[in-house]
Amino acid sequence: MIKLPKFNIEGQVHFVTTNVSKKTPLFSDNLFCEIIIRNLEFYRKKFIFELYGYVIMPDHLHLLIYPRPRQETRPTRQEARFTPSLPMDISKPPAAQRGMVRSPDLTKIEKIMEDFKKYTAKEIITELKNSKKDDLLNGFKLSYPKKKKHQYRIWQNGFYDFNIYSAKKFLEKLNYIHENPLRAGLVKNSEDWPYSSYRNYYSDDESLIKINRIGL
1 MIKLPKFNIE
11 GQVHFVTTNV
21 SKKTPLFSDN
31 LFCEIIIRNL
41 EFYRKKFIFE
51 LYGYVIMPDH
61 LHLLIYPRPR
71 QETRPTRQEA
81 RFTPSLPMDI
91 SKPPAAQRGM
101 VRSPDLTKIE
111 KIMEDFKKYT
121 AKEIITELKN
131 SKKDDLLNGF
141 KLSYPKKKKH
151 QYRIWQNGFY
161 DFNIYSAKKF
171 LEKLNYIHEN
181 PLRAGLVKNS
191 EDWPYSSYRN
201 YYSDDESLIK
211 INRIGL
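Under the UniProt record's numbering, the sequence shown has 119 at position 119, and the numbering climbs by one with no breaks.
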C-alpha cells in the first residue's frame with residue numbers, strides 16, 4: 001500500500017477518513033458509536049483541535065479537524081481576516097498553499113489520528129469481549145499477529161487526509177459528510193442520522209457532542 005504524505009500546514013482544515021478493518025459495519029451498533037463520540041471529546045481537548053464536522057458511518061468515519069497552534073486556544077483576528085468563520089487563508093490559491101512551510105507548533109494530524117485510533121480500538125475490543133460479541137470480535141482477529149498482545153485489528157492501517165484550502169472546498173466537504181448517510185440509503189433525510197454534525201448545524205442539537213460550528 002502506498003503511504004501518502006500528510007501536510008501539517010497552519011490555518012488549514014483536515015478532511016479525514018478512516019475505515020473499519022475489512023469494512024465491517026461495526027458502527028451499526030450504537031454502543032461503538034458512543035465510544036467514538038467520547039474519544040473525540042477527549043482528544044480534541046488533549047490536542048487542542050477544533051471539530052467542524054463529523055459523521056459516523058457503519059464502516060467508516062469522516063472528520064473535519066482544525067489543529068490549533070499549541071500556543072493558541074482561539075483563532076487570531078489576522079488568521080480569520082478573509083472569512084471570519086473559517087481558519088484558512090482563502091486569498092492564497094491551492095498551489096501557493098501547498099508550498100507553505102509546515103508549522104512546528106501544530107500537533108500533527110498523524111499524531112491525533114494515531115492516538116485516537118489506538119485507544120478507540122482498545123475500548124472497542126474490551127467492549128466486544130465484555131458483551132460476548134464473539135463472532136464480531138473474531139472477524140477482527142489477525143491470522144499472524146506480530147505481537148502477542150496485538151491479536152485484533154479494528155481499523156484499517158492509515159487514513160485518508162485532504163487539506164482544505166478554501167471556503168468553497170470546506171463547504172463541499174461538510175456537505176459531503178452530511179449527505180453521506182442519505183447517499184448510502186441509510187435514511188430518507190439527513191437529519192434522521194443520529195451520528196452526524198448535520199443535527200448540530202441544522203437542528204441546533206448538541207446533545208451528543210458540541211462542535212465548532214461555522215456560520216453557513
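For every residue, glycine included, the Cβ atom is placed at its ideal position computed from N, Cα and C.
Quantities reported herein were computed from a predicted structural model and do not represent experimental measurements.
Query, Result
"Gly215, DSSP secondary structure in three states", "coil"
"Of the listed residues Arg68, Thr18, Lys132, nearest to Pro58 (C-alpha basis)", "Thr18"
"Span separating the alpha-carbon of Ile164 from that of Gly53", "13 Å"
"Length-filtered (4 minimum) alpha helix (DSSP H) runs lying within the region 23–62", "30–46"
"Exposure label - Val187; buried when at least 16 CB within 10 Å", "exposed"
"Rounded C-alpha distance that separates Leu64 from His14", "6 Å"
"Selected residue, minimal CA-CA separation from Ile154, among Thr24, Val16, Gln12", "Thr24"
"Val16 versus Asp134, Ile109, Leu31, residue with shortest Cα-Cα distance", "Ile109"
"Among Ile35, Ile177, Phe32, Arg183, nearest to Ser196 - alpha-carbon criterion", "Ile177"
"Test: Ile37 CB closer than 8 Å to a CB of chain D", "Absent from the structure: chain D. Only one protein chain is present."
"Reduced DSSP secondary structure (H/G/I, E/B, other) of Asn200", "helix"
"Simplified DSSP state of Asn189, which is helix, strand or coil", "coil"
"Buried or exposed (CB count within 10 angstroms, at least 16 for buried), Thr120", "buried"
"Secondary structure of Asn157, DSSP reduced to three states", "coil"
"Residues near Leu208 by beta carbon distance below 8 Å, same chain, minus five either side", "Ile37, Pro194, Tyr195, Arg199"
"Status (buried if at least 16 other CB within 10 Å, exposed otherwise) for Asp161", "buried"
"Cβ-Cβ separation, Tyr152 to Ile125 (assumed contact under 8 Å), whole Å", "5 Å"
"Residue environment, Tyr144, which counts as buried when at least 16 other CB atoms sit within 10 Å", "exposed"
"Sequence-distant residues of its chain with Cβ nearer than 7 Å to Leu136 (five each side left out)", "Leu128"
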